[in-house]
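In what follows, a structure is listed as structure tokens, so that the remarks can point back to it.
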Amino acid sequence: MTYLAKPKLHHPTLAKNSVGYTRRDYEGKVSTLCAGCGHDSISAAIVQACWEIDLEPHRMAKLSGIGCSSKTPDYFLGNSHGFNSVHGRMPSVLTGANLANRDLIYMGVSGDGDSASIGIGQFVHIMRRGVNMVYIVENNGVYGLTKGQFSATADKGSKSKRGVANMDEPLDLVGMALLLGATYVARSFSGDKKQLVPLIKGAIQHKGAAFIDVISPCVAFNNHAGSTKSYEYVRQHNEAVNRMDFIEERDEITADYAPGEVVNVPQHDGSVIRLRKLAAGYDPTDRIAAMHHLQERGAAGEVVTGLLYIDPDAVDMHEHINTIETPLNQLGVAELCPGGVALERINASLR
Amino acid sequence: MVKRVEAVNDFVVKFANVNGSGSASANELFARAILRMGVPVSPRNIFPSNIQGLPTWYEVRVNETGYQGRRGGVDLMVAMNPQTWDADVKEIEPGGDLFYDSSKPQPKAKFRDDVHAIGMPLTEICNATYNDPRQRQLFKNIIYVGALSALLEIEPSEIEKLFSEQYKGKEALLQSNVKALRLGRDYATQNLPCPLGIRVRRANSVGNKIFVDGNSAAALGAVYGGATVCAWYPITPSSSLAEAFIKHCEKLRVDPATGKHRYAIVQGEDELASIGIAIGAGWNGARSFTATSGPGISLMTEFIGLAHFAEIPVVLIDVQRGGPSTGMPTRTQQSDLLCCAYASHGDTKHVLLFPEDPTECFEFSALAFDLAERLQAPVFVMTDLDIGMNTRLCEPFHWDDARGYDRGKVMTHADLESGKDFGRYLDVDGDGIPYRTYPGTHPTRGAYFTRGTTKDRYAGYSEAGPDYVDNMQRLLRKFETAKQLVPRPLLHPSEKPARFGAIFYGSTSPAMQEALDVLATRGIHINALRVRGFPFQEEINDFVNSHPWVFIVEQNRDAQLKTLLVNEAKVNPTRLLSVLHYDGTPITARFIVDQISQHASARTVVPLKRAG
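Going down the list, the protein sequences come from chains X and P.
Residue 26 in the working numbering sits at position 26 of the first sequence, with consecutive numbering throughout.
If you want the working numbering, it's the position in the second sequence, counting the first as 1, plus 1000.
As structure tokens, this is what we get:
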């Protein structure tokens, strides 16, 4: 980490987005993570995505659990409220926050220990409920803050820094998210910002449970030979199914593509997600095919990345439980309290 | 033969049934019919952790004076369960009555000489009347209610009126129930010694009181208190609270124009998720709560600590029950005081409220949301199974329409825009309570990163010792402020000068009030103080200091309120005498009277002249 404070003044020529903010306005505090940490690249990708998508910074709430990854919400979007909650329990806090105000964008940042080990129960149930959110797991297969223990996403046979092999089966969060009903499921790599930024933008726009598993190498404890979560290993085994260009409504599609090379997935809000196919015949709207592809290529040793599944007709938890459009935290006594006359009627029914 | 128990409007009837036999609704009908005759009743369900087959009891105390506590002893046992026959027969007061199904002859040794046995061939009658086995079972219950109405002189028209309210528009059901009722009544009139020594006589002692259970009342309090988010996980005895909240909301909180809900209820995957959801909602400015019981509190403790340190409003309604696992948990206790008062890691203390009955469950539940937002802290409403799951006759609910919600110290967009200094953990007013902002308030001001303990006054990350101590001292000041906000204790002064004091709380209240009256007639005069909240106010200490001896009456083994009083209010422990009841049954006036009488006689100073 650096101890130098970031300058507060912005260069006057910095480009502004359509809501009047520069990219710097989306930054947070100086990161305290190790130099070269994959997590910092993800924070930078979030900053880039939010700026490009013209999101007003305060319209996002950032929530996390405990761990290196969960510290990162302090390092992006400094003008957003953040909540560094309890280890493995970010999903429930995010669910509650979302219930209270359905108008904000909720970004949950977690790690593989936080989500796949201690928090696997909450991970499962937030996906089932279809909470409208972006859920990012910064996945390095190792516990960083407690210095190098395996996490539940560590691959079988993968070696720790001290050379001990992990003998437990890994838990695949992408496979689980598909199974549990997440409606936007992607995997990416912290070292591939070009792939990651559009995936985050797509997830923000998506109305429903959006999950992105980002392989994010731990330079301190899991970047050695024998690890399957190192920069080198992931670069060698990365097999993207598609390349995504997130396109907003007003943009024209100008580039020329050969027929069958591009899939356009229209979104609820009128925007379009354009995917350039890399794997022949891959259909990102087919959940079962996505699960099949993931298993098949995974068995062949590939790290499958890209937008693996999207349900363009997704609805979220608020639709399921029929909540009023006005955020619940804006309702006052007039809307909430039935009043004295109604209470008299209730009293009468209890005699 | 022992003299027959003779009493009008003052007796106890206990029904011994088999769980799942449909007896609960028949027994409640019995209780309501007496209530409709203007005579107060207090029924109590004593039920197993089971759906079908294990023993269950329903005890109804009839008392015109209005004593609602469990009395102890049984005057009439309605013995419908062969499994528990021996114990049930044993429980009857000498001279009492035993009503039983005589279809199958029983050996004489199964009866008691000092108890009057009243046999009625219920199974025979049912088998002769109904072909369907389910009907035989269900109507057997109504038939015995019919017979009891003749034996106890309950007006059958009141029961039939209750039927017509219950089966409005379901003519066939109404008729078949009335038929079963009359069948039992006619048999009793012709064949049984009607009336018994105990009987009901129309009175005017119910007034405008309402008959309701504490869980339903607390849930209604949450609706009136403005709760919009409820997250819960099923656990006896609190499940019916969340379910009542669902029902109340469906009636009272649906937007008439759109049919959409002004509430959100989530059944969590466990208690950890439930409290997490409630905390997330509280952080984001919605009034939120969870309902649970002791084991749920245990699971929630890490989160409760976070809410305490991160200063997030959230309401927890703890319907207390007996110990861990399953079984005793369907019995009542007041045994979660310490685990709630100090829930979590680090130095934590939490606000507790102790309602005495369903009326206070409503009031305190609504109040808890104001307190939680004012104090930016978890607030516990400590009810229990006895209040929560039994219908109780109590004062009607009241709501002042001029009452608004106290949303606490929240900085608005306008406040931030005007340049007000915002420090999330800055004590601006000296009461220990800082200002907060809701997420999304302002594009460039007022955002902060929420953490547990590691922060400075402006919510910056700080591991510095002085910053930690500064924050912890402010939290203590905030707890001092809470003293002035929680309900004050209520004094029940003795009519005559009293040497003894007594402190009690929660569901002990009705038994205690009766015990005080009984003790006074025996010359033991006691000033009593009902504690209604924690942190404790100074007057509790003053009360203890003004009596040489103070009884502390509790429904737990370890004298948890006493521990809290000694530890937190610095009450002199040498003056305190514990009266503890913790077998899972609700405490009785008889128990309190016995215990206090023993203590009192051991501490009565006998003048030397008379001692010889």
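Idealized CB from N, CA, C, for every residue including glycine.
Predicted model, so just to flag it, every value in this text is computed and none were measured.
- The Cβ atoms of F1380 of chain P and H1350 of chain P lie closer than 7 Å to each other.
- By the neighbour-count criterion, in which a residue is buried when 16 or more other Cβ atoms sit within 10 angstroms of its Cβ, V1012 of chain P is buried.
- A contact is defined here as three or more CB-CB pairs under 8 Å, and the stretch 1544-1554 of chain P fails this definition with respect to the stretch 1021-1038 of chain P.
- Chain-ordered, the chain X residues with CB closer than 7 Å to the CB of A1273 of chain P read S92, Q122 and H125.
- One alpha carbon belongs to E1153 of chain P, the other to K1168 of chain P, and they sit about 26 Å apart.
- Here DSSP, grouped into helix, strand and coil, assigns S1239 of chain P to helix.
- Close partners of K1260 of chain P in chain X (Cβ separation under 8 Å): N322, T323, I324 and E325.
- Following the DSSP letters along the chain, one finds C1394 of chain P inside the beta strand (DSSP E) bounded by residues T1391 to C1394.
- Looking at P:F1364, P:L1416, P:R1392 and P:I1592, the one whose alpha-carbon comes closest to that of H1398 of chain P is P:F1364.
- Taking 7 Å as the threshold, the shortest C-beta distance from F189 of chain X to chain P does not fall below it.
- Taking 9 Å as the upper bound on Cβ-Cβ separation, chain P lies near residues E56, P57, H58, R59, M60, A61, K62 and L63 of the stretch 51-63 of chain X.
- Runs of the beta strand (DSSP E) lying entirely within the stretch 1009-1067 of chain P and spanning at least 3 residues, in chain order: 1010-1018, 1041-1046 and 1055-1063.
- From the listed residues X:G111, X:Y106 and X:A97, the smallest Cα separation to D213 of chain X is found for X:G111.
- In this structure, A45 of chain X lies away from K201 of chain X, with their beta-carbon atoms at least 7 Å apart.
- Within the same chain, Y1067, G1069 and A1589 come within 7 Å of E1514 of chain P by CB-CB distance, once the 5 residues on both sides are set aside.
- According to the DSSP assignment, H1116 of chain P belongs to the beta strand (DSSP E) that extends over H1116 to M1120.
- If you ignore the 5 residues before and after R1331 of chain P, its C-beta comes within less than 6 Å of the C-beta of G1322 and G1584, all in its own chain and listed in chain order.
- Along the length of the stretch 1474-1523 of chain P, whole beta strand (DSSP E) runs at least 3 residues long occupy 1490-1492 and 1500-1504, reported in chain order.
- Per DSSP, F1536 of chain P is not a residue of any beta strand (DSSP E), being assigned neither H nor E.
- Under the 7 Å criterion on CB atoms, F1303 of chain P is classed as interfacial with respect to chain X.
- Residues of the stretch 262-294 of chain X whose Cβ lies closer than 8 Å to any Cβ of chain P: none.
- A direct Cα-to-Cα measurement between S349 of chain X and A1031 of chain P gives close to 16 Å.
- Nearest to N1527 of chain P by C-alpha distance, out of P:M1512, P:P1586 and P:F1536, is P:M1512.
- Beta-bridge partners assigned by DSSP to K277 of chain X: X:N242.
- Per DSSP, reduced to three states, the secondary structure at V1178 of chain P is helical.
- Residues of chain P whose Cβ lies closer than 8 Å to the Cβ of V86 of chain X are, in chain order, G1276, E1302, F1303 and L1306.
- Shown here, P1355 of chain P sits in coil according to DSSP, grouped into three states, outside any helix or strand.
- Counting only runs of at least 3 residues, the stretch 272-317 of chain X fully encloses the following beta strand (DSSP E) elements, listed from N- to C-terminal order: 272-277 and 303-310.
- Rounded to whole angstroms, the separation of the alpha carbons of S1240 of chain P and I120 of chain X is 29 Å.
- For V1212 of chain P, the chain X residues whose C-beta falls within less than 8 Å of its own C-beta are L350, listed in chain order.
- When Cβ-Cβ separations below 7 Å define contact, G20 of chain X makes no contact with chain P.
- By the criterion of a C-beta distance shorter than 7 Å, V1266 of chain P is surrounded in its chain by A1231 and I1277, once the five residues flanking it on both sides are discounted.
- Counting only Cβ-Cβ distances below 8 Å, H1442 of chain P has contacts in chain X at H58, in chain order.
- The C-beta distance from Y1058 of chain P to G1226 of chain P rounds to 36 Å, too long to fall under 8 Å, and the pair is not in contact.
- Excluding sequence positions up to five before and after F150 of chain X, its CB lies within less than 6 Å of the CB of N166, all in the same chain and listed in chain order.
- At the C-beta level, G1221 of chain P and A1366 of chain P come within 7 Å of one another.
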